[in-house]
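Asks: Here you go, one structure.
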Amino acid sequence: MNRPTLRSLVTNHDTANALRPALPKLTAGALCSSLSGLAMLAALWCLIQLLDDLSSSWVLSAVLFWILGATFSASASWLAHDGEAAFSARLRRKVANHLVRLPATTLAQQSDQSLRSLVSSDIEKLHHMVAHLPSEITNFVVLPITSILLLVNMVGLSALWVLLPGIFASLYYLIIVPRINARDGEARMKVMGEVISAVDDYARGIRVNRIYGRQSGALAAYDDSTQRFTSSMVMWVGKVATLAGMAVALLQAVATFAIAYLVAYDTSTTTLAATLFFSLAIVTPALRLGHGLDYVSTGRAALGRIITLLQQPTLPTGTITRQQDTPTLALNNAHIAIDGAQLLNELNYTFQPSALHAITGPSGIGKTTVLRTLAGLERLQAGQVLLAQTDITQLSELTRYQSVLLIPQGGDVLSATVAENLHLIAPEASTAQLTTALLSAQLNVDLDAQAKTLSGGERQRLSIARAFLSSASVILLDEPTSALDAEKTTRLITELERLAREQEKTIVMVTHDKTLASNAATQLKLTRPTTTEDRL
Amino acid sequence: MKHNMDHVNNSPLLALPASARHRLLNVSLGWILVAGLEAFAYTVLALGIANHWPPLWVLTSASLAILATVLVNRSGYLTGVRLAGDLYTALGHALAQTKLSWFTNDHRSKIASMAGQGIPGFMSIPAHQLQSFLHAPCLPLCLVIGIGAVAGLNVALIACVLLAISLVVQFLSQRALKRADAQRHTAQSNTSAATLEFVDHIELLRTAAGPVRAIERLEQRWETQEQALTKTNLASALAIFISTLASVLPMTGIAVFMILSESDHIPTLLAVLVLTGRAAAPLSELATAGLGINDIKASLDNFQQVTNTPQLAEPTQPKAAPTEYDIFINQVSQTPVLENIKATIPAGSRVNISGPSGSGKSTLLELLMRFDDPEVGVISIGDVKLSDMPYETLASLIAYVPQDPIIFTGSLADNIRIGDPEASDQDIEAAARQAALDTIIDRSPEGIHQSVGQQGNALSGGERQRVTIARALMKKAPILILDEATSALDEKTEQDIITTLNYLASTVIFVTHRDATPWHPSQTIDLSNS
Numbered sequence: 001m002n003r004p005t006l007r008s009l010v011t012n013h014d015t016a017n018a019l020r021p022a023l024p025k026l027t028a029g030a031l032c033s034s035l036s037g038l039a040m041l042a043a044l045w046c047l048i049q050l051l052d053d054l055s056s057s058w059v060l061s062a063v064l065f066w067i068l069g070a071t072f073s074a075s076a077s078w079l080a081h082d083g084e085a086a087f088s089a090r091l092r093r094k095v096a097n098h099l100v101r102l103p104a105t106t107l108a109q110q111s112d113q114s115l116r117s118l119v120s121s122d123i124e125k126l127h128h129m130v131a132h133l134p135s136e137i138t139n140f141v142v143l144p145i146t147s148i149l150l151l152v153n154m155v156g157l158s159a160l161w162v163l164l165p166g167i168f169a170s171l172y173y174l175i176i177v178p179r180i181n182a183r184d185g186e187a188r189m190k191v192m193g194e195v196i197s198a199v200d201d202y203a204r205g206i207r208v209n210r211i212y213g214r215q216s217g218a219l220a221a222y223d224d225s226t227q228r229f230t231s232s233m234v235m236w237v238g239k240v241a242t243l244a245g246m247a248v249a250l251l252q253a254v255a256t257f258a259i260a261y262l263v264a265y266d267t268s269t270t271t272l273a274a275t276l277f278f279s280l281a282i283v284t285p286a287l288r289l290g291h292g293l294d295y296v297s298t299g300r301a302a303l304g305r306i307i308t309l310l311q312q313p314t315l316p317t318g319t320i321t322r323q324q325d326t327p328t329l330a331l332n333n334a335h336i337a338i339d340g341a342q343l344l345n346e347l348n349y350t351f352q353p354s355a356l357h358a359i360t361g362p363s364g365i366g367k368t369t370v371l372r373t374l375a376g377l378e379r380l381q382a383g384q385v386l387l388a389q390t391d392i393t394q395l396s397e398l399t400r401y402q403s404v405l406l407i408p409q410g411g412d413v414l415s416a417t418v419a420e421n422l423h424l425i426a427p428e429a430s431t432a433q434l435t436t437a438l439l440s441a442q443l444n445v446d447l448d449a450q451a452k453t454l455s456g457g458e459r460q461r462l463s464i465a466r467a468f469l470s471s472a473s474v475i476l477l478d479e480p481t482s483a484l485d486a487e488k489t490t491r492l493i494t495e496l497e498r499l500a501r502e503q504e505k506t507i508v509m510v511t512h513d514k515t516l517a518s519n520a521a522t523q524l525k526l527t528r529p530t531t532t533e534d535r536l
Numbered sequence: 001m002k003h004n005m006d007h008v009n010n011s012p013l014l015a016l017p018a019s020a021r022h023r024l025l026n027v028s029l030g031w032i033l034v035a036g037l038e039a040f041a042y043t044v045l046a047l048g049i050a051n052h053w054p055p056l057w058v059l060t061s062a063s064l065a066i067l068a069t070v071l072v073n074r075s076g077y078l079t080g081v082r083l084a085g086d087l088y089t090a091l092g093h094a095l096a097q098t099k100l101s102w103f104t105n106d107h108r109s110k111i112a113s114m115a116g117q118g119i120p121g122f123m124s125i126p127a128h129q130l131q132s133f134l135h136a137p138c139l140p141l142c143l144v145i146g147i148g149a150v151a152g153l154n155v156a157l158i159a160c161v162l163l164a165i166s167l168v169v170q171f172l173s174q175r176a177l178k179r180a181d182a183q184r185h186t187a188q189s190n191t192s193a194a195t196l197e198f199v200d201h202i203e204l205l206r207t208a209a210g211p212v213r214a215i216e217r218l219e220q221r222w223e224t225q226e227q228a229l230t231k232t233n234l235a236s237a238l239a240i241f242i243s244t245l246a247s248v249l250p251m252t253g254i255a256v257f258m259i260l261s262e263s264d265h266i267p268t269l270l271a272v273l274v275l276t277g278r279a280a281a282p283l284s285e286l287a288t289a290g291l292g293i294n295d296i297k298a299s300l301d302n303f304q305q306v307t308n309t310p311q312l313a314e315p316t317q318p319k320a321a322p323t324e325y326d327i328f329i330n331q332v333s334q335t336p337v338l339e340n341i342k343a344t345i346p347a348g349s350r351v352n353i354s355g356p357s358g359s360g361k362s363t364l365l366e367l368l369m370r371f372d373d374p375e376v377g378v379i380s381i382g383d384v385k386l387s388d389m390p391y392e393t394l395a396s397l398i399a400y401v402p403q404d405p406i407i408f409t410g411s412l413a414d415n416i417r418i419g420d421p422e423a424s425d426q427d428i429e430a431a432a433r434q435a436a437l438d439t440i441i442d443r444s445p446e447g448i449h450q451s452v453g454q455q456g457n458a459l460s461g462g463e464r465q466r467v468t469i470a471r472a473l474m475k476k477a478p479i480l481i482l483d484e485a486t487s488a489l490d491e492k493t494e495q496d497i498i499t500t501l502n503y504l505a506s507t508v509i510f511v512t513h514r515d516a517t518p519w520h521p522s523q524t525i526d527l528s529n530s
């Protein structure tokens, strides 16, 4: 999917889905745009009739057509933009819904920056392509054909000569410009890049240069590089400047009108008028070409990135919606691998309900990955995670979320109040319930406080409070006590154990605290995989 | 024209170097000429239509106009490139005179953005903006004269009024359109901001709120923006409606007028319609260009800011280089950090400049090297004030190792040889080994001729510091200034280098954030209370 074409927009399942509801408006927009052009042509036709028959009704008709043209043009703009808005709204939701269902490692593979641009600027980059390209293409076809038909009909085949300047200019923009860009674009960028880094180097080194008495030498070297810039750029630009100048000149009506006069000066005034007025048939759309088709390639690249993301497989889910009574959680012949490299030995382990269990192991071994796997947020290479004998990939995604709660490490909070942060997990919870949960998590803060103003340790406990609000029967905590002092740790662990016991929950925490781990009901110790070489 | 320019003293155009202004002036005249020739060609065409001329003159005048357009366009493109070259040169020369204290990180990033975006942006001025600003208004003006020549003064006046109204209305509706576009952009970036919050907290959202509700919060913000966008789209559709009608107003008006005035010479009516149509065509471009003028002005202002920088005057009656190297700091103050500093630094002494961060240690060192002149007080070496010495003389007395090491792309030897351009390879290797660069020299068969990478990026932070120390040692200047020059070195390497420095006969003035005892300072200038 490295080189997507415009067709991908309609052939790719996901983008086509997003595009479908917008299609009527986009099509109507392109149609209105063409109708606007046709109405403008009709107005010109009325002016030509006026020359035949000096009656104010022709002026009136022309005015009516112009108003019609303006109306169509305004409608075209509204339809195209509104249709595009509907398209990007759907695509945006599609992308967000996809992201939320990707395995954690797939998410982690996207660099933060690329993920951010993928969901924001990449979707914006499609705007021009979706909103304006359809009408530009139809205009480029419909208007010239209509004008040419009118020309041939009113003047005859000889009138076709007037199209020459517009055709030449269009060929320049459609064929020569892309070729030049393909051939010289990179070299020109390089020359540009060199002078920019020359300026940067020079400003950066200026103190050293002066104090070491090299200022004049550095300035001479700098002048050399600016001269190299000028002469190389003059060479590149010089190669194309005449052709570009000719294209621009041919697009001025002067050239077309001169030919029109040559063709039709000896005919009737009406014929001459028709030749002159319709002669710009190709020039007008070609002028728009001159403004560039860069947005097409930008849009295509953005589209490719979006499609690639949407093609990343999501987490497997099933259809079982029944919640289990005894939440025994088990790893069954589980192979955990990242990028095909096996992370751990095959895992077989059972976490019984009504107890607090620990997972330990050296840093970097994959404790967090195991916890995410247990939560169903990571794919297994082989084996299963079983919740009360049911493979969790068979559960519907909502059931899985309602059955297993993962509290990640780091204590991330939204930029909102403490209460809003807690409402993420329990939208219906009362103030009393929220306060109780906070107290169980050893946190005493105002529910209206801004979560971002809390300290790292407080944010961590705010996250843990979710454990006391959730209805999930399995709760997985990643390093829940890393920022807590010994006293708070003890009290928190007591609360968690009580929660497990009283509500028959299975609680598993990853920890590097040895005392904590040895006090847990059971302890899963992760070790490096034994490879064939090790055994030899 | 030159005369005129001198009058408008505030014009940001004056920020441009004279060569660039001349180039722009030439292209400007070119565009006015093109407008004139084009209007002439249309007028000849109109006269031809009205008087049924054979096409010879029409073709000739049209060819002239086309030829001029090609030539001016071509020279516009090339002038754009040369203009950029001029501006790069002017930037470099302006910076060459700028006082060194000006080169803060902030200013350096301004220079970088001027080099990367500002100046390349100017390249399109001669071929595009000048065309919009000169050709677009001149063509209708000249064509009004043409209309007068074809159909008389009255018709010309009417056309003039109609064109003016059309321009004003188009300007207003284009302005509304631009505002609508800006609002569209705001709505889009608000939408993106909401999406980015989602991305940044995706793990929290999907674990805490689950796959379905994770999107909910985002959904609300999206909907608000999408509603705003709908309004904006309506506003821009209205602007397009008005602007389209305004663009055909002149032709309609003229047609109505000609009918009402019962002129029955049909070819003249056609001729006037053609001229009016052509006069109305560039108006929308002109209206758009009028809206863009502020952007150009802002770019010119930015260029003025980075080229019109503070300088330090070279002495008009320079004194000879001092023969004694005692440094006298006499009642020196520099806001906001230094106040009334007084010290004498005898030649050959070891001076520790101490104080908490922000107390002006680097500022004092910079004043000693005349990166700036102190606001109050005098610094002199021997019996010569710094401001009485040509900068080259002062520079010859001082070797300097800055806080953040500047390495140039090239070899290790190139970087060290900056200290003494005459130095032999043996001298350079000796200086490098003195600066504890042995491991680097020995790790490559190329020794001191190995490359240091782009701006030294093949070296570690500590290695870069040692290269700049070797460069300073190579200079053998009577005064050596080190601003946290060993901050990235381990203690053992630092100690080796301090030992080397302690053998030097030069005055050594240093700032360190570590313990200064190993340096055996003979004197400490404490800035804690300044």
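So the protein sequences, as listed, match chains A and B.
Going by UniProt numbering, the first residue of the first sequence is number 1, and it counts up by one from there.
Going by UniProt numbering, the first residue of the second sequence is number 1, and it counts up by one from there.
Where is the CB? At the ideal position from N, CA and C, for every residue including glycine.
(1) Taking only three categories from DSSP, how would you classify A/Glu502?
(2) Which one of A/Leu434, A/Thr393, A/Asp448 and A/Leu395 has the shortest CA to CA distance from A/Ala416?
(3) When DSSP labels each residue in this structure, what does B/Ser411 get in the three-state scheme?
(4) To the nearest whole angstrom, what separates the beta carbons of B/Phe198 and B/Leu205, a pair I think is in contact under 8 Å?
(5) Flag this pair as yes or no: are the beta carbons of B/Gly462 and B/Ala436 separated by less than 7 Å?
(6) Do you know offhand how far A/His445's Cα is from A/Ser518's?
(7) Report yes or no: is there a C-beta of chain A within less than 7 Å of the C-beta of B/Ile66?
(8) Does B/Leu100 come within less than 7 Å of chain A when only Cβ atoms are used?
(9) Starting from B/Gln523, follow the beta strand (DSSP E) in both directions and report where the run begins and ends.
(10) Taking the beta strand (DSSP E) that A/His357 falls in, what are its first and last residues?
(11) Could you tell me the distance, in whole angstroms, from the CA atom of B/Ala65 to the CA atom of B/Ser247?
(12) Could you spell out where the beta strand (DSSP E) holding A/Lys94 opens and where it closes?
(13) Taking just the CA atoms, how far does A/Pro316 sit from A/Leu380?
(14) Would DSSP call A/His512 helix, strand or coil?
(15) So, using beta-carbon positions, are A/Leu405 and A/Ser363 closer together than 7 Å?
(16) Pairs of beta-carbons, one from the region 111-124 of chain B and one from the region 295-307 of chain B, closer than 8 Å: are there three or more?
(17) Could you say which of A/Asp391, A/Thr27 and A/Ala432 lies nearest to A/Thr319 if we only look at CA atoms?
(18) If you compare alpha carbons, which of B/Leu83, B/Arg74, B/Lys110 and B/Thr363 is closest to B/Arg23?
(19) Below 6 Å CB to CB, which residues in the same chain sit around B/Ile509 once its five sequence neighbours on both sides are set aside?
(20) Could you tell me whether the Cβ atoms of B/Tyr77 and A/Ala241 are closer together than 7 Å?
(21) Suppose the cutoff is 7 Å on Cβ atoms and the five residues either side in sequence are ignored; what does the same chain contact list for B/Leu386 look like?
(22) Given that a residue counts as buried once 16 or more other Cβ atoms are within 10 Å of its Cβ, and exposed if not, what is A/Arg204?
(23) I'd like to check one pair, B/Ala164 with B/Val144: are the Cβ atoms closer than 7 Å?
(24) Taking Cβ-Cβ distances shorter than 7 Å, what residues in chain B pair up with A/Pro395?
(25) Any beta carbon from chain B within less than 7 Å of A/Ile475's own beta carbon?
(26) Just the Cα atoms here: how many angstroms apart are B/Lys2 and A/Trp66?
(27) Can you list the residues of chain B that A/Ser77 reaches, using a CB-CB cut of under 7 Å?
(28) Could you work out which residue in A/Ala286, A/Arg288, A/Thr256 and A/Thr267 is closest to A/Phe277 when comparing CA atoms only?
(29) Since I believe A/Ala274 is in contact with A/Met154 (beta carbons under 8 Å), could you give me their beta-carbon distance rounded to a whole number of angstroms?
(30) So, does the CB of B/Ser192 fall closer than 7 Å to a CB anywhere in chain A?
(31) Are the CB atoms of A/Ala260 and A/Ser225 nearer to each other than 7 Å?
(32) Determine, for A/Phe168, whether the minimum Cβ-Cβ distance to residues of chain B falls below 7 Å.
Replies: Checking against the coordinates, here is how it stands:
(1) In the first sequence, counting from the first residue as 1, residue 502 of chain A sits at position 502. DSSP places A/Glu502 in helix when its eight states are reduced to three.
(2) Here residue 416 of chain A refers to the residue found at position 416 of the first sequence. Of A/Leu434, A/Thr393, A/Asp448 and A/Leu395, the smallest CA-CA separation from A/Ala416 is found for A/Asp448.
(3) Position 411 of the second sequence, counted from the first residue, corresponds to residue 411 of chain B. B/Ser411 falls in the strand class under three-state DSSP.
(4) Stepping through the second sequence from its first residue, residue 198 of chain B is reached at position 198. Stepping through the second sequence from its first residue, residue 205 of chain B is reached at position 205. Right, the Cβ-Cβ distance comes to about 7 Å (below 8 Å), so this counts as a contact.
(5) Along the second sequence, read from residue 1 onward, the residue named residue 462 of chain B stands at position 462. Along the second sequence, read from residue 1 onward, the residue named residue 436 of chain B stands at position 436. Remark: C-beta atoms of B/Gly462 and B/Ala436 do not approach each other more closely than 7 Å.
(6) For the purposes of this step, residue 445 of chain A is identified with residue 445 of the first sequence, where counting begins at 1. For the purposes of this step, residue 518 of chain A is identified with residue 518 of the first sequence, where counting begins at 1. Residue 445 of chain A is actually Val in this sequence, not His. For A/Val445 and A/Ser518, the gap between their C-alpha atoms comes out near 31 Å.
(7) Residue 66 of chain B sits at position 66 when you count from the first residue of the second sequence. Chain A, which has a Cβ nearer than 7 Å to the Cβ of B/Ile66, makes this yes.
(8) Working through the second sequence from its first residue, we reach residue 100 of chain B at position 100. Contact of B/Leu100 with chain A is assigned, a C-beta pair being separated by under 7 Å.
(9) In the second sequence, residue 523 of chain B corresponds to position 523, counting from 1. In the DSSP assignment, B/Gln523 falls within the beta strand (DSSP E) that extends over Gln523 to Asp526.
(10) Here the question's residue 357 of chain A lines up with position 357 in the first sequence. Per DSSP, A/His357 belongs to the beta strand (DSSP E) from Ala355 to Thr360.
(11) Stepping through the second sequence from its first residue, residue 65 of chain B is reached at position 65. Stepping through the second sequence from its first residue, residue 247 of chain B is reached at position 247. When the Cα atoms are used, B/Ala65 and B/Ser247 turn out to be separated by approximately 24 Å.
(12) Against the first sequence, residue 94 of chain A aligns to sequence position 94. Taken as a continuous stretch (DSSP letters only), A/Lys94 belongs to no beta strand (DSSP E), being part of the alpha helix (DSSP H) at Ser56 to Val100.
(13) Position 380 of the first sequence, counted from the first residue, corresponds to residue 380 of chain A. Position 316 of the first sequence, counted from the first residue, corresponds to residue 316 of chain A. A/Leu380 and A/Pro316: Cα-Cα distance of roughly 10 Å.
(14) Counting from one through the first sequence, the residue named residue 512 of chain A turns up at place 512. Under the three-state reduction of DSSP, A/His512 is assigned to coil, being neither helix nor strand.
(15) The residue given as residue 405 of chain A occupies position 405 in the first sequence. The residue given as residue 363 of chain A occupies position 363 in the first sequence. No. Outside cutoff.
(16) Cβ pair count under 8 Å is three or more, so yes.
(17) Position 319 of the first sequence, counting from 1, holds the residue named residue 319 of chain A. Residue A/Asp391 holds the alpha-carbon nearest to the alpha-carbon of A/Thr319 among A/Asp391, A/Thr27 and A/Ala432.
(18) Against the second sequence, residue 23 of chain B aligns to sequence position 23. B/Arg23 has its Cα closest to that of B/Leu83, out of B/Leu83, B/Arg74, B/Lys110 and B/Thr363.
(19) For the purposes of this step, residue 509 of chain B is taken as the residue at position 509 of the second sequence. The answer, listed in chain order, is Val351 and Ile481.
(20) As a working note, residue 77 of chain B is residue 77 in the second sequence. As a working note, residue 241 of chain A is residue 241 in the first sequence. With a cutoff of 7 Å on beta-carbon distance, B/Tyr77 and A/Ala241 are scored as near each other.
(21) Here residue 386 of chain B corresponds to residue number 386 of the second sequence, with the count starting at 1. The answer, listed in chain order, is Arg370, Ile379, Ser380 and Leu394.
(22) Start at 1 with the first residue of the first sequence, and residue 204 of chain A comes out as number 204. Sixteen is the threshold: when 16 or more other Cβ atoms of the shown chains lie within 10 Å of the Cβ of A/Arg204, as they do, the residue is buried.
(23) On the second sequence, position 144 is the one that residue 144 of chain B refers to. On the second sequence, position 164 is the one that residue 164 of chain B refers to. Taking 7 Å as the Cβ cut-off, B/Val144 and B/Ala164 do not qualify as a contacting pair.
(24) The residue you call residue 395 of chain A lines up with position 395 of the first sequence. The sequence given here places Leu at residue 395 of chain A; Pro does not occur at that position. What A/Leu395 touches in chain B: nothing, since even the nearest Cβ is about 12 Å away.
(25) Along the first sequence, read from residue 1 onward, the residue named residue 475 of chain A stands at position 475. With 7 Å as the cut-off, A/Ile475 does not count as an interface residue toward chain B.
(26) For the purposes of this step, residue 2 of chain B is identified with residue 2 of the second sequence, where counting begins at 1. For the purposes of this step, residue 66 of chain A is identified with residue 66 of the first sequence, where counting begins at 1. Residue placement at B/Lys2 is flagged as unreliable, the pLDDT there being 37, under the threshold of 50; a coordinate-derived value is accordingly withheld.
(27) Your numbering for residue 77 of chain A matches position 77 in the first sequence. Result: Ser236, Ala237 and Ile240.
(28) Position 277 of the first sequence, counted from the first residue, corresponds to residue 277 of chain A. Out of A/Ala286, A/Arg288, A/Thr256 and A/Thr267, A/Thr256 has the C-alpha closest to the C-alpha of A/Phe277.
(29) By 1-based counting over the first sequence, the position of residue 154 of chain A is 154. By 1-based counting over the first sequence, the position of residue 274 of chain A is 274. Going by Cβ atoms, the distance from A/Met154 to A/Ala274 rounds to 4 Å, so yes, they are a contact pair.
(30) Numbered from 1 along the second sequence, position 192 holds the residue referred to as residue 192 of chain B. For B/Ser192, a Cβ of chain A is located within less than 7 Å of the residue's own Cβ.
(31) Within the first sequence, the letter at position 260 stands for residue 260 of chain A. Within the first sequence, the letter at position 225 stands for residue 225 of chain A. Cβ atoms of A/Ala260 and A/Ser225: not closer than 7 Å.
(32) Within the first sequence, the letter at position 168 stands for residue 168 of chain A. A/Phe168 does not count as touching chain B.
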